[in-house]
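Novice:
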Ligand SMILES: Cc1cc2nc3c(=O)[nH]c(=O)nc-3n(C[C@H](O)[C@H](O)[C@H](O)COP(=O)(O)OP(=O)(O)OC[C@H]3O[C@@H](n4cnc5c(N)ncnc54)[C@H](O)[C@@H]3O)c2cc1C
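In our numbering, the protein residues as written are 88 to 439.
1) Following a CB-centred definition, is residue 311 positioned closer than 8 angstroms to any heavy atom of ligand 1?
2) In chain order, which continuous runs of the beta strand (DSSP E) of length 3 or greater are located wholly inside the stretch 300–332?
3) What would DSSP say about residue 349, mapped onto helix, strand or coil?
4) Could you tell me which residues DSSP puts in a beta bridge with residue 227?
5) Can you give the Cα-Cα distance for residue 429 and residue 328, rounded to whole angstroms?
6) Tell me the residue span of the beta strand (DSSP E) that contains residue 259.
7) Out of 193, 216, 188, 183, which one is the CA nearest neighbour of residue 148?
8) For residue 396, which residues in the same chain have their Cβ closer than 6 angstroms to its Cβ, ignoring the five residues on either side in sequence?
9) Taking residue 237 and residue 223 to be in contact with their CB atoms under 8 angstroms, please state how far apart those CB atoms are, rounded to whole angstroms.
10) Taking 9 angstroms as the cut-off, decide whether the C-beta atoms of residue 304 and residue 289 are in contact.
11) Apart from the five residues just before and just after residue 262, which ones in its own chain have a Cβ nearer than 6 angstroms to its Cβ?
12) Run the CB neighbour count on residue 343, radius 10 Å, all protein chains shown included, and call it buried at 16 or more, exposed below.
13) Is the beta carbon of residue 108 within less than 8 angstroms of some heavy atom of ligand 1?
14) Going by beta-carbon coordinates alone, are residue 249 and residue 260 separated by less than 9 angstroms?
15) Tell me which residue opens and which closes the beta strand (DSSP E) that residue 244 is part of.
16) Return helix, strand or coil for residue 134, following the three-state DSSP convention.
17) Just to confirm, does residue 180 get its C-beta within under 8 angstroms of one of the non-hydrogen atoms of ligand 1?
18) I'd like to confirm the pairing. Which residues does DSSP put opposite residue 196 in its beta bridges?
19) Nearest to residue 206 by alpha carbon, out of 159, 352, 257, 435?
20) Would you call the stretch 374–393 in contact with the stretch 274–282, where contact means no fewer than 3 C-beta pairs closer than 8 angstroms?
21) State the Cα-Cα distance for the pair residue 220 and residue 358, rounded to the nearest angstrom.
In structure tokens form, the structure reads like this:
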């Protein structure tokens, strides 16, 4: 009999675990609460152009992720940084033009968008193996199995892996037997990467910034956007800018944010900056499937990869995965894959 494993969450961690464990001969069932896969990976089609409203870049030292991309025949390309950048120090002067330092660490993007990784990982899953709209609310450990209760149904397995950010897990999923007090304490104080960020993207007909010798890179102390990058595709046929907004704007309306970005774009690029074809944004702090009530400020990456996540819980029937549990590059896409590989090795030996 194949061992049955339920994976909670269909983000990069959950899909990767499903993909690998299925290959190892396990019976896998991924339960995703949302109507889409991907979690913090969110490539949106905007005016026929793919824009990243979640994870975008990887770096040469992200070995597990780069190996995965190679295995899935996914190509990478360098983030365009050619040309000058603009810097807005105060709101009383126009942004200054400056040369970007040479020999910077290169950031890479995924050809076709980061969601290409998700599509390749999930392409062979059946409807039973990957189920959307299944929000897990409770886990009940029995003597020889575990019941996972969603808002709609009960699923039973030999083992359950959560890929929820630990803080979200312990605040939104109930357990029949109380979790270890130390685990609860650490999970409540584990930072979830980018949970407060606001990302936006603008699609343009032409890359007008390149025509001015600009890279599309912009920094601002003033806002609303604090960082801006060229976001054109690999083929150089679709053109966009993408950036991050001041997180304090989360409670304003979308129209207010867009209006203020337009005014800032005019300061950076003149009339051409305002002539975009479409505007997209994602306020991640409003995402209930990422954000739980946070008791206090946490330093970025606080407790990511803590040793409590290396243990098994509920008498060996419950494992905590997800990028933030990775001892290597926790919070990043690399962390999701690194931790996934650890768990696959662990389970191969456990069920030998
Ligand atoms: C704006 C932004 C920019 C980023 N930029 C980068 C970058 O450039 N490079 C990089 O390496 N990383 C980046 N990251 C981080 C990267 O996206 C994450 O490290 C990675 O996607 C985490 O994957 P995960 O599967 O571990 O977690 P998640 O993506 O958070 O997946 C968890 C999944 O669980 C689901 N879920 C939640 N609750 C339940 C429930 N009760 N029942 C069932 N399912 C549930 C969620 O819907 C989600 O799909 C960025 C993140 C954001 C938000």
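A virtual CB, placed ideally from N, CA and C, is assigned to each residue, including glycine.
Specialist: Well, looking at it:
1) Start at 1 with the first residue of the chain shown, and residue 311 comes out as number 224. For ligand 1, not one heavy atom lies less than 8 angstroms from the Cβ of residue 311.
2) As far as the stretch 300–332 is concerned, its whole beta strand (DSSP E) runs of at least 3 residues are 301–307, 312–317, 326–332.
3) The residue you call residue 349 lines up with position 262 of the chain shown. Residue 349 falls in the helix class under three-state DSSP.
4) For the purposes of this step, residue 227 is taken as the residue at position 140 of the chain shown. The secondary-structure analysis by DSSP pairs residue 227 across a beta bridge with 234.
5) For this step, residue 429 is matched to residue 342 along the chain shown. For this step, residue 328 is matched to residue 241 along the chain shown. Residue 328 has its alpha-carbon roughly 37 angstroms from the corresponding atom of residue 429.
6) Against the chain shown, residue 259 aligns to sequence position 172. The continuous stretches of beta strand (DSSP E) do not include residue 259, which lies in the alpha helix (DSSP H) extending over residues 253–259.
7) As a position in the chain shown, residue 148 is number 61, starting the count at 1. With respect to the C-alpha of residue 148, the residue from 193, 216, 188, 183 having the closest C-alpha is 193.
8) In the chain shown, the residue the question calls residue 396 occupies position 309. Cβ within range, chain order: 407, 412.
9) Indexing the chain shown from 1 puts residue 237 at position 150. Indexing the chain shown from 1 puts residue 223 at position 136. Rounded, the Cβ-Cβ distance is 5 angstroms, consistent with contact.
10) For this step, residue 304 is matched to residue 217 along the chain shown. For this step, residue 289 is matched to residue 202 along the chain shown. Not a contact, by the Cβ cut-off of 9 angstroms.
11) Here residue 262 corresponds to residue number 175 of the chain shown, with the count starting at 1. Short of 6 angstroms from the beta carbon of residue 262, and not among the five residues preceding or following it, lie these beta carbons of its own chain, in chain order: 226.
12) The sequence position of residue 343 within the chain shown is 256, counting from 1. With fewer than 16 Cβ atoms within 10 Å of its Cβ, residue 343 is classed as exposed.
13) If you number the chain shown from 1, residue 108 lands on position 21. For ligand 1, not one heavy atom lies less than 8 angstroms from the Cβ of residue 108.
14) In the chain shown, residue 249 corresponds to position 162, counting from 1. In the chain shown, residue 260 corresponds to position 173, counting from 1. Yes, Cβ-Cβ distance for residue 249 and residue 260 is below 9 angstroms.
15) Counted from its first residue, the chain shown places residue 244 at position 157. The continuous beta strand (DSSP E) containing residue 244 extends over residues 241–244.
16) Numbered from its first residue, the chain shown carries residue 134 at position 47. Residue 134 falls in the coil class under three-state DSSP.
17) Residue mapping note: residue 180 aligns to position 93 of the chain shown, counting from 1. Checking the Cβ of residue 180 against ligand 1 gives no.
18) Numbered from 1 along the chain shown, position 109 holds the residue referred to as residue 196. Residue 196 is bridged to 164.
19) Walking along the chain shown from the start, residue 206 turns up at place 119. Considering only alpha carbons, the answer is 159.
20) They touch, by the three-pair rule.
21) Looking up residue 220 in the chain shown gives position 133. Looking up residue 358 in the chain shown gives position 271. Between residue 220 and residue 358, the C-alpha separation is close to 43 angstroms.
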